[in-house]
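Protein sequences appear in the order of chains A and B.
All residue numbers for the first sequence refer to our numbering, where the first residue is 1 and numbers rise by one.
All residue numbers for the second sequence refer to our numbering, where the first residue is 1001 and numbers rise by one.
Here is the structure we will look at, set down as structure tokens.
Number of protein chains: 2
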Amino acid sequence: MTHADTHVKGFSFAVAIAGIKQQEKPDCALIYSDVPATCAGVYTRNKVVAAPLQVTRPRVERGRCQAILINSGNANACTGAQGLETAQHNAGVLAAELGIDEILVAVTSTGVIGVQLPGERIDAIVPQLVHERTPDQAQAVAEAIMTTDLFSKVSSARLQSPTQSGTILGIAKGAGMIHPNMATMLGFVVTDAKVGAELLQQSLRIAVEQSFNSITVDGDTSTNDMVLVLANGQAGDEEIVPDSAAAEDFQLQLNKVLLDLAKMIVRDGEGATKVVQIHVQGARNAAEAREAARSVATSNLVKTAFFGEDANWGRIIAALGYSDAEMDADQVDIWFDDIQVVHNGLSTGPKQEELATDVLRHNEFCVTLDLHLGQGSSDYYTSDLTYEYIKINADYRT
Amino acid sequence: MTHADTHVKGFSFAVAIAGIKQQEKPDCALIYSDVPATCAGVYTRNKVVAAPLQVTRPRVERGRCQAILINSGNANACTGAQGLETAQHNAGVLAAELGIDEILVAVTSTGVIGVQLPGERIDAIVPQLVHERTPDQAQAVAEAIMTTDLFSKVSSARLQSPTQSGTILGIAKGAGMIHPNMATMLGFVVTDAKVGAELLQQSLRIAVEQSFNSITVDGDTSTNDMVLVLANGQAGDEEIVPDSAAAEDFQLQLNKVLLDLAKMIVRDGEGATKVVQIHVQGARNAAEAREAARSVATSNLVKTAFFGEDANWGRIIAALGYSDAEMDADQVDIWFDDIQVVHNGLSTGPKQEELATDVLRHNEFCVTLDLHLGQGSSDYYTSDLTYEYIKINADYRT
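Given below as structure tokens:
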């Protein structure tokens, strides 16, 4: 939770209680731009794609969007033709109430899989969403879209380029890509900068790769994952064009907002008590560095050792060894923050391991692995695997 | 634990206390054949390979082996040149005591990573191993090689072919491929049948693929995994040659012994309370069926739902969706034992889910997924993910 600047020119927000969640809490939200915005999106790679994604994706790919309708409590996934019809119908009702073209409406859902979404309850609160929307309710939206999240996730950044006065505001939900049946990770980014759809899509891909695609709680990916970005140009500044200083800064700020949100998701990972950065350097190339970092970050044994505050580099080097990245065990160095525990594949001794154990007592630390084979480097963010994770996920539906 | 026939002609066994384990328990073992046996092996795919594997692998690849020296408590992994020298030296001492060529000795270790193996303690008990060996101590060997195992693992089968009177005896250790620093999975198979080294290697590969390579507790693989098979021909029967009825039966019995041992490892998976078979059918081909089964079997969310006795097919279908296997969500059927919970990608209703929940209360059950795309099928065996898993692995070294 950062002190985010949640006002972005030309955007307004609203939430309402449709009665989809079991508790009497806001479970529907609207994000609206006064004018059609350019837009871009990235979507789950899961082959099981929820109905709202099937509706939204082709619309967003046209490059224009003006309104996003979100519900929590039901993912509208594995719901067949009926689920698709519900998503389309909800979008249509919202478009009519707003008086805009239906194709400018995106719909997204998060919650239980395999149960039909009670679409009529959403239809019923659409007028309330439309008429009660205000520029200052981004925080309320962040809360309405929570499922197993323990805290809401909002982050923002001001553009720094001299030609730009705009803001990037990001809202996300997710407790670590770990709840396929609670619909996992959603991200919504709005900016009043003027950015073409193509540049927006390219910038989003880069920012997602080093943020949402570089975190793991348990490696499961969901049927509903989606990140959307809308740029409405209402700050009144000149357009940000490719290969400009303004574009470079826009990328930088977008990266910052998305990494900030992604780290919040790791911190909120179900049962997590620690956020650990896995930094791999010296791999043959960036792709192998990424693969090595992913392998260590997703090892249950490594993650459980973090929980146990055990500087167990044997598990780390073993996880490195079964990744697809080229490595030579006799050249590997490993650090916990600035404490080196492995040099050329061998222990640096019990004193260093003891110092490393102190590092593991912190809530945040970095494990650095140097493969000494090349220039490739990559970062992954992971959490520890705890009793609480088992409790949350074993007891969830029962 | 099965009632295994543990006598195999021409093989003898011994155990001793070398003082490598912290408790005063047998931690060294010898498996010896009266004559040089043909042999075959499969090894970890981890790029970090423990010293004893580096010594043993080229020897076994020559196709002849007479003695296997095993220690538990220390993996002799990540121990550099000194570790390699220790493994070679131990093998030499055993060969001298037995009066056989050093190249006929295999050495294997299981235990903590990154600590030098006290080889002199092994040297010291070699005479005891050699002189106290008897044909009836296979069970004692199975116990001596245990690390975090809760029970010892022995299985055997009689050859059924009319030309054969031999036995296949298998010994294994491992609690689910999950302890890279406790050296994971070791398997030793001895038979008094006469089998050429090439056929033996081919048979072992097939048997391992459908047993040890089809189980998972947490997907981590170790630096020390190894399965060796020795055939000494001392039953006095005619040689088993490729493409014969005897070879077919040998494969069948070897499969049976290894699958039996593999299931024991899953049952002994750290903290596991359930053994679950994931059966995928109707995949485009066998490779995709295997990939789909693996993806479901290794999902933390699925495994935690098993522990929670929650018939949570949403997690199963999501895990299927992010596997590399081709699938169409609208064609998937899912059963828990004989209770169908999903038909054409949709829920069969709350009554069926309730019946499925009863299935999940059992210690063993089967989840069947039919993709309806082709003839490919595959089985994986997995366990549930429990509080106890976290406890064992978080507390292990501290």
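C-beta: ideal position from N, C-alpha, C; glycine also.
Here the structure is a predicted model, which means the values were calculated and not measured.
- Residues of the region 379-390 of chain A with a CB closer than 8 Å to any CB of chain B: list them in chain order, please. From the region 379-390 of chain A, only L385, T386, Y387, Y389 and I390 have a Cβ closer than 8 Å to chain B.
- Message: Suppose contacts are defined by Cβ-Cβ distances below 9 Å. Is A:D333 in contact with A:N344 by that definition?
- Response: Cβ atoms of A:D333 and A:N344: closer than 9 Å.
- Message: I need the DSSP call for A:Q201, collapsed to helix, strand or coil.
- Response: Judged by DSSP in its simplified three-state form, A:Q201 adopts helix.
- Run the CB neighbour count on A:R361, radius 10 Å, all protein chains shown included, and call it buried at 16 or more, exposed below. The residue is exposed, with fewer than 16 neighbouring Cβ atoms inside 10 Å.
- Message: Any C-beta of chain A within less than 9 Å: which residues of the region 1329-1340 of chain B qualify?
- Response: Here the close residues are A1329, D1330 and V1332.
- Residue-level contact to chain A via CB, B:T1079, 9 Å cutoff: Yes, its Cβ sits closer than 9 Å to a Cβ of chain A.
- Query: Can you list, in chain order, the residues of the region 1045-1071 of chain B whose Cβ is nearer than 8 Å to any Cβ on chain A?
  - Reply: Listed by position, the residues of the region 1045-1071 of chain B near chain A (Cβ gap below 8 Å) are R1045, N1046, K1047, V1048 and V1049.
- Query: Going straight from the alpha carbon of A:I34 to that of A:A77, what length do you get?
  - Reply: Per the sequence presented here, residue 34 of chain A reads as Asp, with Ile not at that position. Rounded to the nearest angstrom, the two C-alpha atoms are 30 Å apart.
- Message: To the nearest angstrom, how far is the alpha carbon of B:L1159 from that of B:A1029?
- Response: The alpha-carbon atoms of B:L1159 and B:A1029 are separated by roughly 26 Å.
- Is the Cβ of B:S1347 closer than 9 Å to any Cβ of chain A? Cβ-Cβ to chain A under 9 Å: yes for B:S1347.
- Message: Let's see if you can read the secondary structure: which residues bound the beta strand (DSSP E) around B:F1013?
- Response: F1011 to A1016 is the extent of the beta strand (DSSP E) around B:F1013.
- Message: Considering only DSSP beta bridges, list what B:L1030 is partnered with.
- Response: B:A1014 and B:L1069.
- Item | Cβ-based neighbour list, B:V1302, same chain, cut-off 7 Å, excluding 5 preceding and 5 following | Correct list, in chain order: V1296, R1315, I1316 and A1319.
- Near-chain A residues of the region 1302-1322 of chain B - C-beta to any C-beta below 8 Å: Against chain A - using a Cβ distance shorter than 8 Å - the residues of the region 1302-1322 of chain B are T1304, A1305, F1307, G1308, E1309, D1310, N1312, W1313, G1314, R1315, I1317, A1318, A1319, L1320, G1321 and Y1322.
- Can you find a CB in chain A that lies within less than 9 Å of the CB of B:N1181? At B:N1181, the pLDDT of 39 sits below 50, so the modelled position is not reliable; the number obtained from the coordinates is stated separately. Answer yes: the Cβ-Cβ gap between B:N1181 and chain A drops below 9 Å somewhere.
- N- and C-terminal bounds of the alpha helix (DSSP H) containing A:G321: Element bounds for A:G321: W313 to G321.
- Query: Based on the DSSP secondary-structure assignment, which residues constitute the bridge partners of B:L1084?
  - Reply: Bridge partners of B:L1084: none, in fact.
- Below 8 Å, can you find three or more Cβ-Cβ pairs linking the region 146-155 of chain A to the region 261-269 of chain A? Flag = yes, the region 146-155 of chain A and the region 261-269 of chain A touch.
- Message: Given a cut-off of 9 Å on the beta-carbon distance, is the pair A:L53 and A:I122 in contact?
- Response: Annotated as distal: A:L53 and A:I122, with beta-carbon spacing of 9 Å or more.
- Query: Quick one: which chain B residues come within Cβ less than 7 Å of A:T223?
  - Reply: Correct list: A1318 and G1321.
- Identify, in the order they occur along the chain, each residue of the same chain with its Cβ nearer than 8 Å to the Cβ of B:R1062, setting aside the five sequence neighbours on each side. Hits under 8 Å: I1103.
- Cβ separation of B:N1255 and B:A1207, assumed to be a contact under 8 Å, to the nearest whole Å: The pair is a contact, with the Cβ atoms about 5 Å apart (cut-off 8 Å).
- Message: Can you find the residues in the same chain that come closer than 7 Å, C-beta to C-beta, to B:D1027, ignoring five residues on each side of it along the sequence?
- Response: Contacts found: I1017, A1018, I1020, K1021, N1071, S1072, G1073 and A1144.
- Secondary structure of B:G1119, DSSP reduced to three states: Looking at B:G1119 - three-state DSSP - the assignment turns out to be helix.
- Query: Under a CB-based cut-off of 9 Å, is A:V342 close to chain B?
  - Reply: Chain B contact via Cβ: present.
- Item | Test: A:M327 CB closer than 9 Å to a CB of chain B | Interface with chain B (9 Å Cβ-Cβ cutoff): A:M327 is included.
- Shortest alpha-carbon distance to B:Q1164 belongs to which of B:A1050, B:V1241 and B:F1188? Nearest neighbour of B:Q1164 by Cα position, chosen from B:A1050, B:V1241 and B:F1188, turns out to be B:V1241.
- Item | Beta-bridge pairing of B:E1364 - partner residues as DSSP gives them | Its beta-bridge partners are B:V1275.
- Check A:M185 in the structure and name its three-state DSSP category. Three-state DSSP puts A:M185 in coil, outside helix and strand.
- Task: Could you name the residues of the region 84-115 of chain A whose beta carbon sits closer than 9 Å to any beta carbon of chain B, in the order they occur along the chain?
- Result: Under the 9 Å Cβ criterion, the region 84-115 of chain A contributes V112, I113, G114 and V115.
- A:A325 versus A:A289 - alpha carbon distance: Taking the straight line joining both Cα atoms gives about 7 Å.
- Message: DSSP three-state label for B:N1213, please.
- Response: DSSP places B:N1213 in helix when its eight states are reduced to three.
- Query: Do A:L371 and A:R284 have their C-beta atoms closer together than 9 Å?
  - Reply: Yes, the Cβ-Cβ distance between A:L371 and A:R284 is below 9 Å.
- Interface flag, B:N1300 vs chain A, CB-CB below 9 Å: Yes - at least one Cβ of chain A is within 9 Å of the one on B:N1300.
- alpha helix (DSSP H) segment containing A:Q251, residue limits: Start and end: A245 to R267.
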